[in-house]
Amino acid sequence: EHRRNCREHEVRESRQDREMGACPRESPSFHSLFTTLTIAREPQSKRGAKAGAVGTSQGCANASNGAAATATTTQALFEPDREGQTPQVVVLVGAPGMGKTMMVRKVMVEWGEGTLQAQFDFVFCIDCKAIALPQEASVADLVSQCCPGLRVPAGKILDGQKKILFIFDGFEALGLSLVEPEAELSSDPRDVKPLELTLMSLLKKTVLPEASLLITTRPMGLGSLGRCLKGEHYVEILGFSAARREEYFHRYFENPSRADMAFRFARGNEILYSLCIIPVMSWTICTILEQELCGKKNLLECSKATTGMMMFFLSQLLKHRDRNNPQLLQQFLLQLCSLAADGIWKHKVLFEEKEIKDRGLDQPGLLPLFLNEKILKEGEDHGNDYAFTHLHLQEFFAAMFYVLEDDGEVVSGLGRLEKDVNKLLESYSKSRKDLNVTVRFLFGLVSQKSIEFMDKTIGCRISPRAREELLTWLQERHRGISHPGQALKVSEMDTFHFLFEMNEKSFAQSALGCFTDLDLQDIKLTLYDQMALSFCIQHWAELGCISLQGCSFHWQDPDSGASGAGGHPGALAVRHREELPSPIHLLCRALRLRGSALQVLRLQWCRLSESCCTELAALVAEHPGLARLELGDSSLGDSGVRLLCEGLRHPGCRLRVLR
Numbered sequence: 001e002h003r004r005n006c007r008e009h010e011v012r013e014s015r016q017d018r019e020m021g022a023c024p025r026e027s028p029s030f031h032s033l034f035t036t037l038t039i040a041r042e043p044q045s046k047r048g049a050k051a052g053a054v055g056t057s058q059g060c061a062n063a064s065n066g067a068a069a070t071a072t073t074t075q076a077l078f079e080p081d082r083e084g085q086t087p088q089v090v091v092l093v094g095a096p097g098m099g100k101t102m103m104v105r106k107v108m109v110e111w112g113e114g115t116l117q118a119q120f121d122f123v124f125c126i127d128c129k130a131i132a133l134p135q136e137a138s139v140a141d142l143v144s145q146c147c148p149g150l151r152v153p154a155g156k157i158l159d160g161q162k163k164i165l166f167i168f169d170g171f172e173a174l175g176l177s178l179v180e181p182e183a184e185l186s187s188d189p190r191d192v193k194p195l196e197l198t199l200m201s202l203l204k205k206t207v208l209p210e211a212s213l214l215i216t217t218r219p220m221g222l223g224s225l226g227r228c229l230k231g232e233h234y235v236e237i238l239g240f241s242a243a244r245r246e247e248y249f250h251r252y253f254e255n256p257s258r259a260d261m262a263f264r265f266a267r268g269n270e271i272l273y274s275l276c277i278i279p280v281m282s283w284t285i286c287t288i289l290e291q292e293l294c295g296k297k298n299l300l301e302c303s304k305a306t307t308g309m310m311m312f313f314l315s316q317l318l319k320h321r322d323r324n325n326p327q328l329l330q331q332f333l334l335q336l337c338s339l340a341a342d343g344i345w346k347h348k349v350l351f352e353e354k355e356i357k358d359r360g361l362d363q364p365g366l367l368p369l370f371l372n373e374k375i376l377k378e379g380e381d382h383g384n385d386y387a388f389t390h391l392h393l394q395e396f397f398a399a400m401f402y403v404l405e406d407d408g409e410v411v412s413g414l415g416r417l418e419k420d421v422n423k424l425l426e427s428y429s430k431s432r433k434d435l436n437v438t439v440r441f442l443f444g445l446v447s448q449k450s451i452e453f454m455d456k457t458i459g460c461r462i463s464p465r466a467r468e469e470l471l472t473w474l475q476e477r478h479r480g481i482s483h484p485g486q487a488l489k490v491s492e493m494d495t496f497h498f499l500f501e502m503n504e505k506s507f508a509q510s511a512l513g514c515f516t517d518l519d520l521q522d523i524k525l526t527l528y529d530q531m532a533l534s535f536c537i538q539h540w541a542e543l544g545c546i547s548l549q550g551c552s553f554h555w556q557d558p559d560s561g562a563s564g565a566g567g568h569p570g571a572l573a574v575r576h577r578e579e580l581p582s583p584i585h586l587l588c589r590a591l592r593l594r595g596s597a598l599q600v601l602r603l604q605w606c607r608l609s610e611s612c613c614t615e616l617a618a619l620v621a622e623h624p625g626l627a628r629l630e631l632g633d634s635s636l637g638d639s640g641v642r643l644l645c646e647g648l649r650h651p652g653c654r655l656r657v658l659r
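Numbering (UniProt numbering), first residue to last: 1 to 659.
Structure (C-alpha cells):
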C-alpha cells in the first residue's frame, strides 16, 4: 500500500509540474516525460572544486572537474562502484533546475512499480523544501510524517532491519549547521531529540546504520553536509547531453511535427540551445513555444525572442519568493547584475566569497538561485568561489546591469563599474565580439513588453533610457561601413538579431529607415537567423536591394547539411512525414507581405535547388517592383526552371533581368 501511494503521489505531482503554463490536454505518464540526465560520479576523496559556470560551447562531459560523465538510471545510483563497494550514501548535487527532484520522483515511481524492489523494501522521501518538520522528532516520527497512511507503525518497520532508503530532497533548505557533538547523537529510531540531532544521527550512521541515504542538495549545501558523512558517493547532475535535449523536446510535445519544429527553433538559436543543457531551461523554452503553438500552425510566427524566454525563466526561479519586499529584491538584483557585468568585462566566471559578501549577496534565500558554490579545496584559505549556473545567465544579468533602475546609492557605493551603455557598444564594435550576447540581451530588455513584464511579474523596474543610445549606435555603425557615394547598406547579421530581440515594429523602422541595401556574405542562416531577417525585412520600407552571396538556408542543424538549400527536396530531413517549407520560404514570404520598394534580389552561390523555385516563381509573379533577379551557381535543374517560367509568364511579373 505504501508503494502504491507513493507512486500515485509522484505521478500526480509530476503532472502538475508538467501542466504549468501549458495548453489544456490530457496528462501523459511520468515515464513518457522523464528524460535521462547526464551525471558525473565522484568518490569522496576526489570531491573538490567545481569548474564554475557551464560554458557556451562545453558539452556535459566538460562541466565537471574531470569526472567521467555518463547517462544514468535510478538503479545505477546504488550499484557497486569499480572497487565493488555498494554506496550506502549518495549525494546528488546540482544547481537549481538541473533535475534533482525529478530524479527523486523517478526513484519513487520505479520503487512503487517494483523496479527497485530488489534493492529496497521501503523508501521514505522527505521533501525538505515543502514539509514542515517539528523542532523535536525521532526517526520514527519523520517516517510517520512523510507517510501518514502507513498501516504498520513506523517503529515496527524500522525495527525489522529491512532494506530501507531515506531520501532527503533539497537538504540545504533545512538550513542546519550540523556541528553538534557526536556524543549526543541517537542510536534508537524512537528517541525524540532536537531535529538537527536526529538528522545527524542518520547521517553519521549512529541510528539505523544499515539504511541507505539519497540526499539531493545544491552546491552551497555541501560544506556542512560533507563534514557529517562517511564513505559517501557524490553524483553531480550535469544536465542534458545534445541527444537528450532533442529527446526532451519530443517527450514534451505530443505532436511529433510540433516537437520537430520547436527543436529546430531552439537548435537554430545558439544561445537557447546552449541553455537547454539545464533541464528547467528546456522546460521553459518548450512551455513558451507550446503556448505559441496553441494558436498557430507553426513557429514561423513566433515572436518570443531569447530575452523573453530568459525573463520567463527568471520569473519561475523567483515565483516562491517573498513578494512583500520588492525593494529587497531590486537591491539584490542590482548587486548581482553589477557582479555579472564586472565579470563579463574581465573575462571572469569565478567570484571569491569576499566579493559576494562585499556586495551583500550572501542571502541564502536568493543567492543559490543564481550562483553555484565551488567548494574549497584543502589547503586553500581564501574562502569558497561562486559561479553563475551558466555563462549566458551571467551575460543576461550583465545586460540588466545597464538598464535596471536604482536610486543612485547602490552603484555609486560600489565604485567599480559605470552604467555606460555607449562604452559597452563601442567596445563591442571595435574588438570585444565576446560581448555579443550581452548586447543582444540589452536590446531585448528595453522593449516595452520586457519593461512591463519585469515590472508586473518580477517587480523590477527597467529604464527605457538606453533605447535612444541603441538606436543611434545601430544607425552610425552601418553608416561608417558604407562607402561614400554608394548606397547605405546593412551588412552585419547581428543587427537583425538585435532588432528581432527587441521585436518592436516602430524601433526596427527607425533603425533601418535610412538604409536601402542588405548585403550578407558566406553565412549559414539557421531557422532563427531567417526569422530575424524576415522580421526586419517586413519593417524595412526603403529596402531596394538584397544581396545574399554564398549564404545557405538551414532548417535544422547547420552542421549536418541535411536541411540546407543545397540538396534535392528528398534530402530534407523530415522525420514525421510532414514536408518542410522551401528553405527560402521565410525570405520570400517577408518580401511578399509588404508593399516593398525592392528592385534587386541577388541569391548568388547560395546553392538553391529545385525546391526553391515555386517560392521564387510566386515572388516574381506578385512583386510589383522586382526588376532584377540573380541566381548564380544554383542547381535549379530543368524542372526547377520550368517552375520559375510559370512565374515569368504571369501578367503581374515586372522582372527585366534574370541571371
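Ideal Cβ positions, reconstructed from N, Cα and C, are used throughout, including at glycine.
Model, not experiment: these values are computed from the prediction.
Expected contact under 8 angstroms - CB spacing of residue i and residue j to nearest Å
i, j, result
"Lys162", "Asp121", "4 angstroms"
"Cys146", "Ile126", "5 angstroms"
"Ser609", "Ser635", "5 angstroms"
Beta bridge counterpart(s) of residue i as assigned by DSSP
i, result
"Leu333", "According to DSSP, which records beta bridges pairwise, Leu333 is partnered with nothing at all."
"Cys606", "According to DSSP, Cys606 bridges with nothing at all."
"Glu373", "Tyr386"
"Glu136", "Pro194"
"Gln521", "Gln549"
"Cys125", "Ile167"
"Lys489", "Asp517"
"Val91", "Ile215 and Tyr234"
"residue 728", "Any property of residue 728 remains undetermined from this structure, which presents the chain solely from 1 to 659."
"Ile462", "Leu404"
Cα-Cα separation between residue i and residue j, rounded to whole angstroms
i, j, result
"Leu334", "Lys449", "21 angstroms"
"Thr36", "Gln538", "42 angstroms"
"Asn65", "Phe240", "Because the pLDDT of Asn65 is 42, which lies under 50, any placement of that residue in the model is unreliable, and the number read from its coordinates should be weighed accordingly. Between Asn65 and Phe240, the C-alpha separation is close to 17 angstroms."
"Ser463", "Ile584", "38 angstroms"
"Gly564", "Trp540", "With a pLDDT of 44 at Gly564, under the threshold of 50, the modelled position of this residue cannot be trusted; read the value that follows with caution. Spanning the two alpha carbons is a distance of roughly 26 angstroms."
"Arg477", "Asp529", "20 angstroms"
"Leu150", "Pro279", "34 angstroms"
"Ala95", "Gln316", "14 angstroms"
"Pro134", "Asn384", "32 angstroms"
"Phe443", "Ala242", "29 angstroms"
"Ile285", "Asp260", "14 angstroms"
"Tyr402", "Leu417", "10 angstroms"
"Leu185", "Leu225", "16 angstroms"
Simplified DSSP state of residue i, which is helix, strand or coil
i, result
"Val600", "strand"
"Ala399", "helix"
"Arg628", "strand"
"Gly239", "strand"
"Val109", "helix"
"residue 672", "The structure shown does not extend to residue 672, since the chain is modelled only from 1 through 659, so no value can be given for it."
"Thr472", "helix"
"Ser639", "helix"
"Leu176", "coil"
"Glu352", "strand"
"Cys653", "coil"
"Glu504", "coil"
"Thr86", "coil"
"Lys419", "coil"
"Val359", "Residue 359 is actually Arg in this sequence, not Val. It is coil, neither helix nor strand."
"Trp540", "coil"
"Asn436", "helix"
Beta-carbon proximity list for residue i, same chain, < 6 angstroms, skipping 5 on both sides
i, result
"Arg467", "Val446"
"Phe332", "Leu366"
"Val600", "Cys545 and Arg628"
"Ile237", "Leu37, Ile39, Gly94, Met98 and Gly99"
"Ala398", "Ala340, Ala341, Ile344 and Thr438"
"Phe535", "Phe500"
Nonlocal neighbours in the same chain, by C-beta distance under 7 angstroms from residue i, ignoring five residues either side
i, result
"Leu655", "Val620, Leu626, Ala627, Leu629 and Leu648"
"Glu492", "none"
"Glu378", "Because the pLDDT of Glu378 is 48, which lies under 50, any placement of that residue in the model is unreliable, and the number read from its coordinates should be weighed accordingly. Nothing listed; no residue qualifies."
Spatial neighbours of residue i in its chain, beta-carbon cut-off 8 angstroms, leaving aside the 5 residues before and after
i, result
"Thr86", "Phe78, Glu79 and Pro80"
"Gly459", "Arg323, Pro326, Leu329 and Gln330"
"Phe370", "Leu317, Leu336, Phe388, Thr389, Leu393 and Phe397"
"Leu488", "His478, Arg479, Ser482, Cys514, Phe515, Thr516 and Asp517"
Min CB distance residue i to chain C below 9 angstroms
i, result
"Phe515", "Going by chain labels, chain C is absent from the structure shown, which holds only one protein chain."
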